[in-house]
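Novice:
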Amino acid sequence: MTRTTARRPPLPLVGAAVVAVVVMALPLAYLMVRVLDSGPEAWAALWRLRTLETTLTSAVLVLLVMAGALILAAPTAWLLSRTDVPLRGLFFVLMALPLAVPSYVAAYAWVALIPSLTGIVPAAIVMSLCTFPYVALPLSALLRRMDGGQEEAARSLGLTPAAVLRRVVAPNAWPAAAAGLLLVALYTLAEFGTVSIFRVDAFTRVIFASYRASFDRTAAAVLALLLVVLALALVVAEARARGRAARWRVGSGSGRPAPVLALTPGARGFALAWLIGVAVLSLAVPIGSILHQLLSSQRREFDAADFLGALAGSVSSSSLGAAMALVLAIPVGVLAARYTARWVRILEGGAFIGHGLPGVVIGLALVFLTLMLLPAAYQTLAALAFAYAVLFAPKAIGATRTSVASVPPGMESVARSLGRGPISAWWTTTGRLAWPGVAAGALLVLLTAMKELPATLMLRPTGFDTLATRLWSRTEVEAFGAAAPYALALVVVAAVPAWLLSRWLGHHASTSETADEVEWQSSPVSVEKS
Amino acid sequence: MTASALAVSDLVVGYGGPPVVRQASCTAAAGTMLAVVGASGSGKTTLLRAIAGFIPVTSGTILIGDRMVDGAGVMTPPERRNVGIVTQDGSLFPHLTVARNVGFGLPRRMLPDGTPTSDRVDELLHLVGLSGLGDRSPHELSGGQQQRVALARALAPRPDVVLLDEPFSALDAGLRIELGTEVRDLLQSAGTTTVLVTHDQDEALSLADSVAVMIDGRIAQQGAPEEVYARPSSLEVADFLGEVVVLPVLSLAAGVATTVLGDISLDPTEVSSEVPHRVALRPEQLVVMPAPHGDREAGVVEAVVYHGHDSMIEVRLPDGAVVRARALGSTELTRGDPVRVAVTGAGQRV
């Protein structure tokens, strides 16, 4: 990436970026003001037994999902990167695919199959099955990349293969796994649909319920703020873990390839059984259940008009959200791509406020904000789209920054020297070359927003439905057959970015810088699955 | 020389396809350094990895001291061979400090003889000149320092044999020579038997007590550096270790071959029944002298390439053949000068 620090950024650009960041920070700031304003009432709400219970429930759920994800990911990643188990290419794709099943869709699919499923353990299992690729993908990449010389040196120094796994491979792989696990934790903490379907009283469900049921919304606000603090801690921890993982590289990097273990026929059987088992539970069961519901439900249960209405709702609200996100993201992204001053870093960091922020928090904050400042906007399409923009703008910022930074700034100078004005020069060089990347970012925002559930439930206009809300309301009344078309549509919507990303990775995997950038981007991409 | 600390006999090693190491045999005397030198793809690293126990051997035997570690149905796993290894980039454990890296192969607190492990680690760090850096992380060290740590780590459990797999090739030229000499002295004073694998014949000739030239999966010749350089067993060996001048033999009598450069005594001198077709010399054996203009037996200087410490003079002989002679320092000769070429020392039948 080429950046210039010598020039001062144009004032209109700085102005636009500052306004964008302030606008994005507004909902959260207002939530904070609201809690502080309530004073003793908020203080009392914080120390209620309910708060402790909720925190404990969320903590236990997060720990269970992390444990589950690690148990699923570690053997899978190891088998696929370090053994000669057959069909590795196929299983590698199957290992990444659960990312394309939003976890509340998986939750619906499991409940449709076994209606009695409820509680924290089924919720944790389903969420582990949906999120383990966050751990398995970086882990298998690292295991494959690891210098085999290290393991050979350890063998020569007297360690058995099992001891090598424990004392060399595991400590080396841990930072990559830890970064993935923190992403899983962040996702679990923010997830609303799954915990609600399994009736687990985690933060998101309790906040939503107290917003719905009571007129005392201070309690909801206090819990939301507590949730923000926890999510923020996870975001910081995740960034640190990723930094540590990147630093751990010694030597010229020309080490031996990592050793590949030849499995005995018996071990091969076990390995295949494990991989098939994981693929069945994470993919075949949810998708099979949706298809089963779709095919076995009565024809009259499917209302084409309803479906098209919900699809139109999803597309319209998400498109508007993506457009707003783009407007907010472009000044920040362009600034961050071209200038390295410290205040630019801080501004960019502020724009990432939506990264990892639970949708239920932004939903609640915007309910407060609209009711207080602009009652006319309460439960309007604009408010909903704005929530999407705040939540998913970081994706658009990342895309903008990467695309603009990949255009050498020298081109603009050349265009200027050939007689074009500053705006024309920018538009015919940087703008022209960067726009496909920026557009891809906007598409990503659109597709992610289509899956959003809690903020949509809180902010949508009366009578307005999206695919996600329709799936939600049908599941709530156990109309599983009627919910199936929406579940399938959401899986398709979720699969598109995964497919695009994998294609893009295929094209750009050769340059390590691009790969880093993708890794950097893909974490915000993935956090908001639901 | 004492008994061999390492003996490889008729070793065949492969990765499923045609074998990479084909009936290789070599030995290393206790406390000496053996250099296995060969072009890339000659199988030298595979040989080293077989000695370390990382790849199974197809046939042949490997003895470390009097222990058979490979052969006759035996295959000792790497962790029970008591062999130390230093790889090209050190392969240090990035998650451990320098001291923990060095102590990796030792018991955690105390050695069997009662000394604390930390004492042994300090001793080794001192040995490799890194005292006081034990608390650093590997990534905070330079490439040369990392290689020293890797060596200390390999030496810590007092291995019977230390294997060095191109340990200096990732370093820049100046450091390579300096560290190579230092490591050789250090291993020598510690009395460690060492196998150095390298593609660099200068490194092999200057550092090792014994040089084994590996060509196409076989050890073509093993001997003292001076011997393999001066008396190569084949043209391939001669060619790999340095430049060669090959002359056709016109006639042969009593250990003396007549060539276009005159009579050259052959080494070894014993009369072989078969007539060698060619004789090989090193460029430094050719002495180039100016000749008067009009000398009909004189050659002509084709080119002079100046290298600083020596010059390479290309001479076209009257019969049209071109030979290369090495002269120390610079030379007054220039392109087109008539010269005569004389030979010092003995030539090799090839």
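Here the protein sequences come in this chain order: A and B.
Straight run, no breaks: the first sequence in our numbering ends on number 540.
Straight run, no breaks: the second sequence in our numbering ends on number 752.
Positions of the beta carbon are idealized from the N, C-alpha and C atoms, including for glycine.
This one's a predicted model, so the numbers in the text were calculated from it and none came from an experiment.
For a test of the three-state rule: what should DSSP assign to residue 542 of chain A, helix, strand or coil?
Specialist: As displayed, chain A neither begins before 11 nor continues past 540, which places residue 542 of chain A out of reach and without an answer.
Novice: Thinking just about the alpha-carbon of each residue, which of B:650, B:649, B:632, B:651 is nearest to the one in residue 642 of chain B?
Specialist: Taking the second sequence and counting its residues from 1, one reaches residue 642 of chain B at position 240. Ranked by how close their Cα comes to the Cα of residue 642 of chain B, the residues B:650, B:649, B:632, B:651 have B:632 in first place.
Novice: Find the residues of chain A that neighbour residue 495 of chain B, judging by a C-beta separation of less than 9 Å, and give them in chain order.
Specialist: Here residue 495 of chain B refers to the residue found at position 93 of the second sequence. Within 9 Å Cβ-Cβ: 160, 163, 164, 177, 178, 181, 182, 260.
Novice: Taking DSSP's pairing of strands, which residues face residue 708 of chain B in a bridge?
Specialist: Along the second sequence, read from residue 1 onward, the residue named residue 708 of chain B stands at position 306. DSSP lists B:713 as partners of residue 708 of chain B.
Novice: Excluding the 5 residues preceding and the 5 following residue 147 of chain A in the sequence, name in chain order all residues of the same chain whose CB lies nearer than 7 Å to its CB.
Specialist: Sequence index remark: in the first sequence, residue 147 of chain A carries index 137 (1-based). Closer than 7 Å at the Cβ level, and outside the excluded window around residue 147 of chain A, lie 106.
Novice: The segment 60-73 of chain A: which residues have C-beta closer than 9 Å to a C-beta of chain B, in chain order?
Specialist: none
Novice: Could you give the residue range of the alpha helix (DSSP H) that holds residue 34 of chain A?
Specialist: The residue labelled residue 34 of chain A in the question sits at position 24 within the first sequence. That run of the alpha helix (DSSP H) goes 21-48.
Novice: Would you verify that the beta carbon of residue 154 of chain A is, or is not, closer than 9 Å to some beta carbon of chain B?
Specialist: Residue numbering aside, residue 154 of chain A sits at position 144 when the first sequence is read from its first letter. Not one chain B Cβ lies under 9 Å of residue 154 of chain A.
Novice: Please work out which residues of its chain come closer than 7 Å, Cβ to Cβ, to residue 738 of chain B, disregarding the five sequence neighbours upstream and downstream, and give them in chain order.
Specialist: Working through the second sequence from its first residue, we reach residue 738 of chain B at position 336. So the qualifying residues of the chain are 702, 703.
Novice: The alpha helix (DSSP H) spanning residue 105 of chain A covers which residue range?
Specialist: As a position in the first sequence, residue 105 of chain A is number 95, starting the count at 1. Its alpha helix (DSSP H) spans residues 98-106.
Novice: Where residue 28 of chain A and residue 357 of chain A are concerned, what is the direct C-alpha to C-alpha distance, given to the nearest angstrom?
Specialist: In the first sequence, the residue the question calls residue 28 of chain A occupies position 18. In the first sequence, the residue the question calls residue 357 of chain A occupies position 347. For residue 28 of chain A and residue 357 of chain A, the distance between alpha carbons rounds to 7 Å.
Novice: So, helix, strand or coil for residue 68 of chain A, using DSSP?
Specialist: Taking the first residue of the first sequence as 1, we reach residue 68 of chain A at position 58. Helix, per DSSP.
Novice: What residues in its chain sit with their C-beta under 8 Å from that of residue 616 of chain B, if we drop five residues either side in the sequence?
Specialist: For this step, residue 616 of chain B is matched to residue 214 along the second sequence. Once the five neighbours on either side are set aside, the close Cβ partners of residue 616 of chain B are 426, 438, 439, 440, 444, 445, 446, 449, 622.
Novice: So if I threshold CB-CB distances at 9 Å, which residues from the segment 422-437 of chain A count as touching chain B?
Specialist: Listed in sequence order: no entries.
Novice: Using beta carbons (cut-off 9 Å, strictly below), is residue 403 of chain B in contact with chain A?
Specialist: Position 1 of the second sequence, counted from the first residue, corresponds to residue 403 of chain B. In this prediction, residue 403 of chain B has a pLDDT of 42, which is less than 50 and means its spatial position is unreliable; what the coordinates show is noted afterwards. Not closer than 9 Å to any Cβ of chain A, the Cβ of residue 403 of chain B fails to qualify, so no.
Novice: Given a cut-off of 9 Å on the beta-carbon distance, is the pair residue 378 of chain A and residue 407 of chain A in contact?
Specialist: For the purposes of this step, residue 378 of chain A is taken as the residue at position 368 of the first sequence. For the purposes of this step, residue 407 of chain A is taken as the residue at position 397 of the first sequence. Against a cut-off of 9 Å, the Cβ pair of residue 407 of chain A and residue 378 of chain A comes out as no contact.
Novice: Name the DSSP beta bridge partners of residue 93 of chain A, please?
Specialist: The sequence position of residue 93 of chain A within the first sequence is 83, counting from 1. A:271.
Novice: Tell me whether residue 383 of chain A sits in a helix, a strand or coil according to DSSP, three-state version.
Specialist: Residue mapping note: residue 383 of chain A aligns to position 373 of the first sequence, counting from 1. Residue state, collapsed to three classes: helix.
Novice: Using a Cβ-Cβ cutoff of less than 8 Å, which residues in the same chain neighbour residue 284 of chain A once the five nearest sequence positions on both sides are dropped?
Specialist: Position 274 of the first sequence, counted from the start, is the residue given in the question as residue 284 of chain A. Cβ within range, chain order: 85, 86, 89.
Novice: Return yes when the Cβ of residue 327 of chain A is within less than 9 Å of the Cβ of residue 458 of chain A, no when it is not.
Specialist: Taking the first residue of the first sequence as position 1, residue 458 of chain A is located at position 448. Taking the first residue of the first sequence as position 1, residue 327 of chain A is located at position 317. No.
Novice: Is the separation between the beta-carbon of residue 507 of chain A and that of residue 453 of chain A shorter than 9 Å?
Specialist: Here residue 507 of chain A corresponds to residue number 497 of the first sequence, with the count starting at 1. Here residue 453 of chain A corresponds to residue number 443 of the first sequence, with the count starting at 1. Their beta carbons are under 9 Å apart, which means residue 507 of chain A touches residue 453 of chain A by this criterion.
Novice: Which whole-angstrom value is the C-beta distance of residue 435 of chain B and residue 637 of chain B, which I expect to be below 8 Å?
Specialist: Looking up residue 435 of chain B in the second sequence gives position 33. Looking up residue 637 of chain B in the second sequence gives position 235. Not a contact, Cβ separation roughly 27 Å.
Novice: Count the other CB atoms within 10 Å of the CB of residue 57 of chain A; is the residue buried (16 or more) or exposed (fewer)?
Specialist: As a first step, residue 57 of chain A must be located in the first sequence, where it is residue number 47. Exposed is the call here.
Novice: Applying a beta-carbon distance threshold of less than 8 Å, which residues of chain A neighbour residue 486 of chain B?
Specialist: Counted from its first residue, the second sequence places residue 486 of chain B at position 84. Near residue 486 of chain B (Cβ distances below 8 Å), the residues of chain A are 166, 167.
Novice: Please tell me whether residue 234 of chain A and residue 375 of chain A are closer than 9 Å, where the distance is taken between their beta carbons.
Specialist: Translated into the one-based positions of the first sequence, residue 234 of chain A becomes position 224. Translated into the one-based positions of the first sequence, residue 375 of chain A becomes position 365. Closer than 9 Å, so yes.
Novice: For residue 179 of chain A and residue 160 of chain A, what's the separation of their Cα atoms in angstroms?
Specialist: What you label residue 179 of chain A is simply residue 169 of the first sequence in a count that begins at 1. What you label residue 160 of chain A is simply residue 150 of the first sequence in a count that begins at 1. Each residue's Cα considered, the two are about 9 Å apart.
Novice: What three-state label does DSSP hand residue 188 of chain A in the structure shown?
Specialist: Translated into the one-based positions of the first sequence, residue 188 of chain A becomes position 178. In the structure shown, residue 188 of chain A sits in a helix (DSSP, three-state: H, G or I).
Novice: Whose CA, out of A:340, A:294, A:240, lies closest to the CA of residue 104 of chain A?
Specialist: The count along the first sequence starts at 1 and reaches residue 104 of chain A at position 94. If we check each option's Cα against that of residue 104 of chain A, A:294 comes out closest.
Novice: Going by DSSP, which residues form a beta bridge with residue 415 of chain B?
Specialist: For the purposes of this step, residue 415 of chain B is taken as residue 13 along the second sequence, with counting starting at 1. DSSP output for residue 415 of chain B lists B:423 as bridge partner(s).
Novice: Please report the distance separating the alpha-carbon of residue 666 of chain B from that of residue 649 of chain B.
Specialist: Residue numbering aside, residue 666 of chain B sits at position 264 when the second sequence is read from its first letter. Residue numbering aside, residue 649 of chain B sits at position 247 when the second sequence is read from its first letter. Taking the straight line from one Cα to the other gives about 10 Å.
Novice: My output table needs one value for residue 561 of chain A: the three-state DSSP class, helix, strand or coil.
Specialist: Within the shown structure, residues of chain A are numbered from 11 to 540, placing residue 561 of chain A beyond reach of any answer.
Novice: Under DSSP, the beta strand (DSSP E) around residue 486 of chain B begins and ends at which residues?
Specialist: For the purposes of this step, residue 486 of chain B is taken as the residue at position 84 of the second sequence. Unbroken beta strand (DSSP E) run through residue 486 of chain B: 485-488.
Novice: Which class does residue 460 of chain A belong to by DSSP, given the choice of helix, strand or coil?
Specialist: For the purposes of this step, residue 460 of chain A is taken as residue 450 along the first sequence, with counting starting at 1. In the structure shown, residue 460 of chain A sits in coil (DSSP, three-state: anything other than H, G, I, E or B).
Novice: What runs of the alpha helix (DSSP H), each 4 residues or longer, lie entirely inside the segment 403-491 of chain A?
Specialist: 420-427, 432-436, 442-459, 464-469, 477-486
Novice: Run through chain B and tell me which residues come within less than 7 Å of residue 157 of chain A, C-beta to C-beta.
Specialist: For this step, residue 157 of chain A is matched to residue 147 along the first sequence. Those within 7 Å of residue 157 of chain A in chain B are 493.
Novice: What's the call for residue 406 of chain B, buried or exposed, on a 16-neighbour Cβ count within 10 Å?
Specialist: Position 4 of the second sequence holds residue 406 of chain B. Burial call: buried.
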